[in-house]
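Per full-length UniProt numbering, residue 1 is the first one in the sequence shown, and the count goes up by one each step. Inspection log for the structure reproduced underneath, given as structure tokens.
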Amino acid sequence: MIRDYGTGNSMNWTPTRTGTYLVGIHVKDKNSKEKLDEHKYVEYNVIAYNKKTIVVDAGHGGYDSGAVGPTGVKEKDVTLKVALKLGKILENNGVRVIYTRTSDNVSWPSNESQDLAARVAIANSNNTDLYVSIHTNSFNGSAHGTETYYYNGSAKGKEAAEKVQKELISSIGLYDRGIKTAGYYVLKNTISPSILVELGFIDNRNEEVLLNSDWFQQKCAEAIAKGILGTSFI
Numbered sequence: 001m002i003r004d005y006g007t008g009n010s011m012n013w014t015p016t017r018t019g020t021y022l023v024g025i026h027v028k029d030k031n032s033k034e035k036l037d038e039h040k041y042v043e044y045n046v047i048a049y050n051k052k053t054i055v056v057d058a059g060h061g062g063y064d065s066g067a068v069g070p071t072g073v074k075e076k077d078v079t080l081k082v083a084l085k086l087g088k089i090l091e092n093n094g095v096r097v098i099y100t101r102t103s104d105n106v107s108w109p110s111n112e113s114q115d116l117a118a119r120v121a122i123a124n125s126n127n128t129d130l131y132v133s134i135h136t137n138s139f140n141g142s143a144h145g146t147e148t149y150y151y152n153g154s155a156k157g158k159e160a161a162e163k164v165q166k167e168l169i170s171s172i173g174l175y176d177r178g179i180k181t182a183g184y185y186v187l188k189n190t191i192s193p194s195i196l197v198e199l200g201f202i203d204n205r206n207e208e209v210l211l212n213s214d215w216f217q218q219k220c221a222e223a224i225a226k227g228i229l230g231t232s233f234i
């Protein structure tokens with residue numbers, strides 16, 4: 001019992017842990033002979049935010065399809081689906097998630113340099129703890145595997161890349177291409193630690209099929225989330 005019958009019309013109560021609570025309210029008129037005159041039950045889902053902020057960036061989008069697979073699967077569609085799944089998992093673990101996009105509509109001009117600058121601005125204006133950019137790779141149709149990039153000299157970026165790469169390989173089982181450094185705009189210009197994940201090669205027929213499947217996208221999202229949450233700074 002949170003509080004016994006009283007005459008006040010309000011009260012304060014602070015949950016002690018995350019989870020789903022069923023709160024019951026019983027109302028009784030002081031002149032009534034009934035045990036209770038009215039009751040109502042309300043379900044609350046409580047999430048304890050850990051005050052960490054992660055920007056989840058679905059690569060490409062809008063005017064920019066990114067790489068396109070042999071059967072027409074577009075990188076921008078795969079990255080968005082994985083990003084939204086990833087964000088949901090992180091939110092359920094108390095992380096504040098900011099997306100660079102949540103649909104195929106983008107708010108910035110159809111220009112690559114302005115596009116990348118807009119994504120970085122989202123991260124840099126929100127006191128971000130980690131920036132995660134989701135992509136699929138493309139090369140010659142036969143290249144395969146998963147790799148994760150970070151900006152050279154970023155210790156936290158390297159840690160996140162190592163953790164995420166390890167979980168991805170363990171979960172989705174593609175060839176381990178390892179972690180690598182790169183000077184990509186979104187890695188170089190974000191104030192926070194940042195990583196760029198190449199889930200697989202969309203121009204490889206076998207990996208295109210996987211990348212386009214919901215179950216594989218979910219496994220990717222779960223693995224990335226597990227890696228991120230396993231870092232020392234999130």
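Cβ atoms here follow ideal geometry from the backbone N, Cα and C, with glycine treated the same way.
Inset, instruction - Return the CA-CA distance between T128 and P109, expressed in angstroms with no decimal places. - result: Working through the sequence shown from its first residue, we reach residue 128 at position 128. Working through the sequence shown from its first residue, we reach residue 109 at position 109. Cα-Cα distance, rounded: 23 Å.
Inset, instruction - Look at D64 and I134 and say whether their C-beta atoms are less than 8 Å apart. - result: Here residue 64 refers to the residue found at position 64 when the sequence shown is read from its first residue. Here residue 134 refers to the residue found at position 134 when the sequence shown is read from its first residue. It is not a contact, given that the beta carbons lie outside the stated cut-off.
Inset, instruction - Please state whether DSSP places N137 in a helix, a strand or coil. - result: Here residue 137 is taken as the residue at index 137 of the sequence shown, counted from 1. It is a strand residue.
Legend entry - The beta strand (DSSP E) enclosing T128, as first and last residue numbers: Locating residue 128 in the sequence shown gives position 128, counting from the first residue. Run containing T128: none; DSSP gives neither H nor E here.
Legend entry - Three-state secondary structure assigned by DSSP to V95: For this step, residue 95 is matched to residue 95 along the sequence shown. Correct three-state label for V95: coil.
Legend entry - DSSP beta-bridge partners of Y151: Indexing the sequence shown from 1 puts residue 151 at position 151. Paired residues: none, contrary to the question.
Inset, instruction - Take every Cβ of the region 201–221, pair it with every Cβ of the region 95–107, and state whether three or more of those distances are shorter than 8 Å. - result: no
Inset, instruction - Using the Cα positions of V42 and Y21, report the straight-line distance between them to the nearest angstrom. - result: For the purposes of this step, residue 42 is identified with residue 42 of the sequence shown, where counting begins at 1. For the purposes of this step, residue 21 is identified with residue 21 of the sequence shown, where counting begins at 1. In a straight line, the C-alpha of V42 is about 8 Å away from that of Y21.
Legend entry - Backbone secondary structure at S113 - three-state DSSP: Locating residue 113 in the sequence shown gives position 113, counting from the first residue. Helix.
Inset, instruction - Hey, could you find the ends of the alpha helix (DSSP H) D214 is sitting in? - result: Working through the sequence shown from its first residue, we reach residue 214 at position 214. First-last of the alpha helix (DSSP H) with D214: D214 to L229.
Legend entry - For N31 and T100, the rounded distance between their alpha carbons: Here the question's residue 100 lines up with position 100 in the sequence shown. Here the question's residue 31 lines up with position 31 in the sequence shown. Going by the C-alpha atoms only, they are around 58 Å apart.
Legend entry - Spatial distance of P193 from I54 (CA atoms): Within the sequence shown, residue 193 is the residue found at index 193, counting from 1. Within the sequence shown, residue 54 is the residue found at index 54, counting from 1. Taking the straight line from one Cα to the other gives about 10 Å.
Legend entry - Which residues DSSP lists as bridging S194, in chain order: Here residue 194 corresponds to residue number 194 of the sequence shown, with the count starting at 1. Answer is Y131.
Inset, instruction - Decide if D214 is buried, meaning its Cβ has at least 16 other Cβ atoms within 10 Å, or exposed. - result: Translated into positions along the sequence shown, residue 214 becomes position 214. Classification of D214: exposed, given that the 10 Å Cβ count is below 16.
Legend entry - Other residues of its chain near A83: CB distance less than 6 Å, five sequence neighbours each side excluded: Translated into the one-based positions of the sequence shown, residue 83 becomes position 83. Contacts found: V56, A58 and I134.
Legend entry - Straight-line Cα distance separating N124 from I191: By one-based count along the sequence shown, residue 191 stands at place 191. By one-based count along the sequence shown, residue 124 stands at place 124. Rounded to whole angstroms, I191 to N124 spans 6 Å at the Cα level.
Legend entry - Contacts around K156, its chain only, beta-carbon distance under 7 Å, and the 5 residues preceding and following it disregarded: Locating residue 156 in the sequence shown gives position 156, where the first residue counts as 1. P193 and F233, listed in sequence order.
Inset, instruction - Work out the CA separation of G24 and V78 for me, nearest whole Å. - result: Position 78 of the sequence shown, counted from the start, is the residue given in the question as residue 78. Position 24 of the sequence shown, counted from the start, is the residue given in the question as residue 24. Approximately 43 Å between the Cα atoms of the pair.
Inset, instruction - Using beta-carbon positions only, say whether S171 and A223 come within less than 8 Å of one another. - result: What you label residue 171 is simply residue 171 of the sequence shown in a count that begins at 1. What you label residue 223 is simply residue 223 of the sequence shown in a count that begins at 1. Result yes, Cβ atoms of S171 and A223 sit closer than 8 Å.
Inset, instruction - Tell me whether K51 is buried or exposed, calling it buried when 16 or more other Cβ atoms sit within 10 Å of its Cβ. - result: If you number the sequence shown from 1, residue 51 lands on position 51. Classification for K51: exposed.
Inset, instruction - Within the same chain, show all residues whose beta-carbon is closer than 6 Å to that of K76, passing over the 5 residues directly before and after it, in chain order. - result: Position 76 of the sequence shown holds residue 76. Only H60, G61, S65 and G66 meet the Cβ criterion.
Inset, instruction - Leaving aside the five residues before and after R177 along the sequence, list all residues of the same chain whose C-beta is less than 7 Å from its C-beta, in chain order. - result: Along the sequence shown, one-based indexing puts residue 177 at 177. Same-chain partners within the cutoff: G145, T146 and E147.
Inset, instruction - Note the first and the last residue of the continuous alpha helix (DSSP H) segment covering K52. - result: Taking the first residue of the sequence shown as 1, we reach residue 52 at position 52. Unbroken run through K52: none, as it is neither H nor E.
Legend entry - Residue closest to F139, alpha-carbon to alpha-carbon, out of E207, E167 and T231: Numbered from 1 along the sequence shown, position 139 holds the residue referred to as residue 139. Considering only alpha carbons, the answer is E207.
Inset, instruction - For A182, name the three-state secondary structure that DSSP assigns. - result: Start at 1 with the first residue of the sequence shown, and residue 182 comes out as number 182. A182: coil per DSSP, three-state reduction.
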